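Novice: First the structure, which I've put down as structure tokens, then a few questions once you've had a look.
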Amino acid sequence: MSALLSLSHVTKVYRQGGMLGRRLITAVKDVSFELGAEPEILSIVGESGSGKSTIAAMILGQTEPTEGELQFSGRTVAIHSRSERKAFMKEVQPVLQNPFEAFNPLKRVDRYLFETARNFSFSGNRPDRQQAEKMADAALVHVGLTLEEVKGRFPHELSGGQLQRVAIARALIPQPRLLVADEPVSMVDASLRMAIVNLFGRLKNELGLSIVYITHDLATAYYISDNIIIMRKGEIVERGQARAVLDNPRHPYSQALKDAVLAADFSAAT
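Residues in the sequence shown are numbered consecutively from 1, following the UniProt record's numbering.
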């Protein structure tokens, strides 16, 4: 079976400044990796500026690589029209860093769920209100909520953890094969982070989802990942099975990242 997601020698260069002060910034340099056909959680770990969020944007088709190729399910990720975007987003969905920025504060959160259900119907017919509510409720149940709990409520009436779970439920409605979660717990209260991380593990097992988990948090990556990529200044410095890499990091940068995390964080993640 072909890989679900494949990046082959991907480089992304940005141009910054005006005509007189223009310079080139290489955000990602010659990155290659695959997600296999079987569900897995792949963590991409690195500090700010390591290129991990640029990789997420390229996987989501939000920006094109300067060099190299990305393929999803054997097809090049190239989105040039609204219909291509919609077809792609049925299979690949984002989970953003800040759930409060994902929702308009003046719009009830259930409307987002209903609109997603109507936009990504599978029957070819736009679902009515009752069908949309059924789809929304089914997705919410997967994240530990119900439609009754969130119906009619505005974003500020939910906690950060609840709102992030609603965002994840919204991403589940199209029944995607891949979630791209970019720092999904960094804006959530520390006491709730492991609940969100555990949720990703359940979604992988229960729904057969693959997840690209973008993070700077080595402890949660250690806990949840099947495989891990460690990035520094746009390049991959280490990769492999998550616990093997993080128990015995070989690259000096990987060792420094681990040393920066309290040993207690790793023991708590076992």
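In this text, a Cβ means the ideal position worked out from N, Cα and C, and glycines have one as well.
Computed from a predicted structure; not experimentally measured.
(1) Considering only C-alpha positions, which residue in the set VAL212, ASP226, GLU67 is nearest to GLN241?
(2) Check ASN125 in the structure and name its three-state DSSP category.
(3) With DSSP run on the structure shown, which of helix, strand or coil describes ALA78?
(4) With distances taken between CB atoms, is the gap from VAL212 to LEU7 smaller than 8 Å?
(5) May I ask you to report which of helix, strand or coil DSSP gives LEU106?
(6) Return the residue from the list ARG111, ALA56, ARG15 that minimises the CA-CA distance to ARG129.
(7) Measure the CB-CB distance between ALA171 and VAL109 and report whether it falls below 8 Å.
(8) Note down, one range per segment and in chain order, each beta strand (DSSP E) of at least 3 residues found wholly within the stretch 16-74.
(9) Pick out the complete alpha helix (DSSP H) segments inside the stretch 179-220, 4 residues or longer, and give them in chain order.
(10) How big is the Cα-Cα spacing for ALA264 and LEU246?
(11) Here's the rule I'm using: 16 or more other beta-carbon atoms within 10 Å means buried, otherwise exposed. How should ILE196 be labelled?
(12) Going straight from the alpha carbon of GLY68 to that of PHE114, what length do you get?
(13) Ignore the nearest five residues each way along the sequence and tell me which others in GLY161's own chain have a CB closer than 8 Å to its CB.
(14) Report yes or no: is there a C-beta of chain C within less than 8 Å of the C-beta of GLU34?
(15) Among ARG202, LYS90, GLN93, GLN62, which one has its Cα closest to the Cα of ALA78?
(16) Are at least three pairs of beta-carbons, each pair with one atom in the stretch 31-45 and one in the stretch 230-239, less than 8 Å apart?
(17) Give me the residue from LYS12, MET58, ALA221, LYS151 with the minimum Cα distance to PRO184.
(18) So, helix, strand or coil for LYS258, using DSSP?
(19) Excluding the five sequence neighbours on either side, which residues of its own chain have a C-beta within less than 6 Å of the C-beta of LEU5, listed in chain order?
(20) Mind checking THR76: buried by the 16 CB within 10 Å criterion, or exposed?
(21) State the DSSP-derived secondary structure class of SER8, mapped to helix, strand or coil.
Specialist: Looking at the atomic coordinates:
(1) Taking the sequence shown and counting its residues from 1, one reaches residue 241 at position 241. When only C-alpha atoms are compared, the closest one is ASP226.
(2) Counting from 1 along the sequence shown, the entry for residue 125 is found at position 125. Correct three-state label for ASN125: coil.
(3) Against the sequence shown, residue 78 aligns to sequence position 78. The answer is coil: DSSP assigns ALA78 none of H, G, I, E or B.
(4) The residue you call residue 212 lines up with position 212 of the sequence shown. The residue you call residue 7 lines up with position 7 of the sequence shown. No, they are not a contact pair.
(5) For the purposes of this step, residue 106 is taken as residue 106 along the sequence shown, with counting starting at 1. LEU106 falls in the coil class under three-state DSSP.
(6) Here residue 129 refers to the residue found at position 129 when the sequence shown is read from its first residue. Out of ARG111, ALA56, ARG15, ARG111 has the C-alpha closest to the C-alpha of ARG129.
(7) By one-based count along the sequence shown, residue 171 stands at place 171. By one-based count along the sequence shown, residue 109 stands at place 109. Their beta carbons are not under 8 Å apart, which means ALA171 does not touch VAL109 by this criterion.
(8) 23-35, 41-45, 67-72
(9) 190-207
(10) Here residue 264 refers to the residue found at position 264 when the sequence shown is read from its first residue. Here residue 246 refers to the residue found at position 246 when the sequence shown is read from its first residue. Low confidence applies here, because ALA264 scores a pLDDT of 45, under 50, leaving its location unreliable and the question unanswered by this model.
(11) Counted from its first residue, the sequence shown places residue 196 at position 196. By the 10 Å Cβ count, ILE196 comes out buried.
(12) In the sequence shown, the residue the question calls residue 68 occupies position 68. In the sequence shown, the residue the question calls residue 114 occupies position 114. When rounded, the distance between both Cα atoms is 37 Å.
(13) As a working note, residue 161 is residue 161 in the sequence shown. Contacts found: VAL188, ASP189, LEU192, ALA195, ILE196.
(14) The structure shown has no chain C; it contains just one protein chain.
(15) Here residue 78 corresponds to residue number 78 of the sequence shown, with the count starting at 1. ALA78 has its Cα closest to that of GLN62, out of ARG202, LYS90, GLN93, GLN62.
(16) yes
(17) Against the sequence shown, residue 184 aligns to sequence position 184. Minimum Cα distance to PRO184 is reached at ALA221.
(18) In the sequence shown, residue 258 corresponds to position 258, counting from 1. It is helical.
(19) The residue given as residue 5 occupies position 5 in the sequence shown. LEU35, PHE72.
(20) Residue mapping note: residue 76 aligns to position 76 of the sequence shown, counting from 1. Under this definition THR76 is an exposed residue.
(21) Taking the first residue of the sequence shown as 1, we reach residue 8 at position 8. In the structure shown, SER8 sits in a strand (DSSP, three-state: E or B).
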